[in-house]
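Residue numbers (our numbering), protein chains in the order written: chain A, 3 to 306; chain B, 684 to 999.
Backbone N, C-alpha and C define an ideal beta-carbon position, used for all residues, glycine too.
Notes follow once the structure below has been shown.
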Amino acid sequence: MIQHLADGILVGSVLSLGAIGLTMVMHMLRFANFSHAELLSVGAYSALVFDAVFAAIFPFLAVKIGPLSMTVALALAMVLAIVITGFSALLIDRLVFRRVREKGAELSMVFASFGVALVIRNVIGLAFGLETNLYSKDIIFAVAVSRDPLLLIKPDQVFTLIAAIVIMFGLHLVLSRTTLGYAFRAVAENPGLAQVNGIRLSRMIALVWIIGGGLAAIAGVFYGLTNQISPIIGRDLVLPIFAATIVGGIGSVYGAVAGGFIVGIAANVSLVVLPSGYIPSIPFMIILAVLLIRPNGLFGEVRT
Amino acid sequence: MMGFISYAVFFTTIASILAIAVLGLNLQWGNTGLFNGGVVAFFGAGAYGTLILGGSPQADHIGGFNIFYPLALFGGMVIAGLLAWVVGILTLRLRHDYLAIATFGIAVTFENIMRNAESLAGGAKGVRGFERPLRAWIGDGFAYNLIFLVVVLILLFLAYRFLQHLVQSPFGRLLRAIREDEEVALSLGKSPARIRLTAFVTGSVIMGLSGGLYATFYAFISPQDVLPTLTFQIWAMLIVGGAGNARGAVFGAFLIWGAWTASGWILSRFAPIDLQLYTGSIQYVLIGAVIVGMLLWRPQGLLPERLVVSQSGKPT
């Protein structure tokens with residue numbers, strides 16, 4: 003039980019990072035972006051490529067940081083992956099979503115996002131192969147935190163959780179303390195009024211994509227670090243991430259953080275009573291429960 | 684020659700069955716603007732429902748009620764409708780994202796439960812013990828497939844006529860009114876949420892019919908038949924054919940199913956051996972590109988919706 007809870011919190015931190023970007027995009031552009039989870043794959047695979055490149059050019063970078071399986075090379079590769087994924091998200095918007103949006107076919111955006119997701123996922127599969135990859139082939143043993151009840155945790159998992167919390171706190175400071183944060187919230191609240199006050203809508207939209215993509219890249223690398231990297235990361239995570247945004251209420255950044263942890267914990271704790279084959283069904287059950295009890299989520303406001 | 688004809692019959696049967704599902708989606712998306720991300724769940728509910736109701740008793744899973752076939756098929760449609768009603772009632776009052784996510788979720792969950800719950804529907808092994816209706820009299824050969832095709836074509840025609848009638852009726856006008864401007868419909872004293880629910884359930888029942896026929900044709904259904912791929916294919920059919928135009932929907936079904944089978948055949952025939960493993964990935968990239976490309980360059984589809992003016996302005 004306690005082990006499931008710990009695992010759930012760790013998965014939850016990855017889902018939260020993914021859900022923050024998704025909820026911001028959904029709030030500002032008002033469409034369910036089914037290609038968001040593919041950005042996690044883009045981030046995970048970019049980091050994989052640059053990790054190999056850095057380790058090959060500068061062998062001294064391929065040293066582990068403390069007890070982690072993460073190397074200095076991977077940490078640097080992650081920074082590049084954040085940039086690349088952020089700009090890929092922006093590029094996809096320019097190539098597809100913005101053009102569909104400008105045609106005035108807002109409802110078609112969700113179709114387009116499915117098409118984009120299919121293309122990204124399978125191009126990754128074609129480029130990197132359908133098999134799974136790992137950042138490090140070394141086995142990192144889990145540390146027994148307690149023996150009764152048994153609780154095993156890997157150093158990587160602790161690092162992932164702490165890093166995720168630090169990043170979310172940083173985002174909170176930006177949103178609540180800076181002019182940029184005010185501008186963000188103003189656009190989400192009332193795009194028309196925000197523009198009257200001299201906020202450029204197109205710049206804000208671009209920024210949302212870059213931030214959302216960057217956070218997705220971090221989530222993807224963390225997921226790869228604690229699980230494994232495969233082209234179907236996006237397919238497996240799309241529904242849990244959506245569940246996290248619905249639990250938190252579409253548009254609420256804090257809700258997305260809470261939702262990610264709730265979905266992660268619920269999915270893992272349910273293993274106590276359910277066979278593991280049913281895991282993919284849990285997010286939908288959570289969505290149904292939220293829609294029945296509190297349709298606008300924990301922190302969402304009523305918007306039509 | 685005979686081989687070609689029997690393949691043509693097989694191809695037309697599957698394409699026509701899928702065309703029925705595309706007609707159902709056209710009512711939801713084309714006429715009402717409802718996004719259904721889980722077509723395959725309603726298709727699957729019809730398929731599993733028909734086989735479980737109409738099959739013979741099995742030791743390892745429920746079902747085998749041996750119900751008279753048309754009733755079993757109808758039962759499958761009812762199950763699809765009930766599933767749609769549950770999803771619809773929870774999401775159609777909310778902003779449209781919720782319907783998209785919930786329908787996508789129910790498709791994932793449906794496949795997952797069918798794969799795992801062995802006592803319900805045979806799990807990964809699928810549903811067995813169903814005998815195609817009238818097989819004892821007609822046999823298994825070419826004649827059966829030909830008669831089955833005729834039945835499918837009749838049902839496709841009936842579904843087409845029914846939907847045409849529905850869309851041209853005052854109810855159809857209401858659907859388009861809600862799609863274009865919900866508040867106007869509301870101001871005229873209509874209830875958009877209820878009308879949308881009706882359209883969503885009706886469309887899903889038609890998808891259930893399609894699934895029931897598909898399962899009858901193979902006399903078998905397994906989780907492998909209810910993967911998300913089918914949803915993407917059915918969308919591509921509607922978007923390419925032309926959302927809002929029932930004739931376009933049927934045309935798109937034949938076109939995309941032809942392109943899908945042809946691309947599969949070409950890849951299996953001419954692609955190098957080590958690429959064979961990636962045939963699926965290539966086909967997915969193609970179908971994703973078709974969806975995105977159509978939305979960018981010809982969002983109205985090959986046969987666009989024809990807007991009808993219900994009453995001419997001419998004085999009588």
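{"Check": "Contact between the stretch 830-850 of chain B and the stretch 696-709 of chain B (3+ Cβ pairs under 8 Å)", "Outcome": "yes"}
{"Check": "Neighbour list for Y280/A in chain B, Cβ cutoff strictly below 7 Å", "Outcome": "N795 and N799"}
{"Check": "Three-state secondary structure assigned by DSSP to T626/B", "Outcome": "Nothing about residue 626/B can be read from this structure; chain B reaches only from 684 to 999."}
{"Check": "I789/B (DSSP reduced to helix, strand or coil)", "Outcome": "helix"}
{"Check": "Distance, V265/A Cα to V16/A Cα", "Outcome": "11 Å"}
{"Check": "Separation of L175/A from E191/A, as counted between CA atoms", "Outcome": "19 Å"}
{"Check": "Exposure label - M797/B; buried when at least 16 CB within 10 Å", "Outcome": "buried"}
{"Check": "Sequence ranges, alpha helix (DSSP H) only - wholly within the stretch 208-282 of chain A, length at least 4", "Outcome": "235-250 and 255-271"}
{"Check": "Near-chain B residues of the stretch 105-120 of chain A - C-beta to any C-beta below 8 Å", "Outcome": "K105, A107, L109, S110, V112, F113, A114, F116, G117, V118, A119 and L120"}
{"Check": "Whether A972/B touches G713/B by CB criterion (8 Å)", "Outcome": "no"}
{"Check": "Cβ contact (3+ pairs, closer than 8 Å) linking the stretch 177-186 of chain A and the stretch 226-246 of chain A", "Outcome": "no"}
{"Check": "Length of the line joining the Cα atoms of S71/A and A755/B", "Outcome": "57 Å"}
{"Check": "Sufficient close CB pairs (3 or more, under 8 Å) joining the stretch 102-117 of chain A to the stretch 59-75 of chain A", "Outcome": "no"}
{"Check": "Residue-level contact to chain B via CB, T306/A, 8 Å cutoff", "Outcome": "Caution is warranted here: a pLDDT of 41 is assigned to T306/A, below 50, making its placement in the model unreliable, and no coordinate value can be reported."}
{"Check": "Proximity to P40/A [Cα-Cα], best of G14/A, P297/A, G299/A and I94/A", "Outcome": "In the sequence as presented, Pro is not what sits at residue 40/A; that position holds Glu. Per the Cα distances, I94/A."}
{"Check": "Stretch pair the stretch 687-696 of chain B + the stretch 272-282 of chain A: three plus CB contacts closer than 8 Å", "Outcome": "no"}
{"Check": "Buried versus exposed, by CB contacts within 10 Å (16 or more), A919/B", "Outcome": "buried"}
{"Check": "Near-chain B residues of the stretch 248-281 of chain A - C-beta to any C-beta below 8 Å", "Outcome": "I248, I252, P277, G279 and Y280"}
{"Check": "Contacts that V65/A makes with chain B (C-beta to C-beta distance below 7 Å)", "Outcome": "Ordered by position in chain B, no residue passes the 7 Å Cβ test against V65/A, which lies about 36 Å from the chain."}
{"Check": "Beta carbon proximity, A58/A to chain B, threshold 8 Å", "Outcome": "no"}
{"Check": "CB contact below 8 Å: F718/B versus chain A", "Outcome": "yes"}
{"Check": "Inter-stretch contact at 8 Å, needing at least 3 Cβ pairs: the stretch 966-985 of chain B / the stretch 906-922 of chain B", "Outcome": "yes"}
{"Check": "Identified DSSP bridge partners for T73/A", "Outcome": "K66/A"}
{"Check": "CB contact flag (F186/A, M206/A, <8 Å)", "Outcome": "yes"}
{"Check": "Whether V271/A touches G10/A by CB criterion (8 Å)", "Outcome": "yes"}
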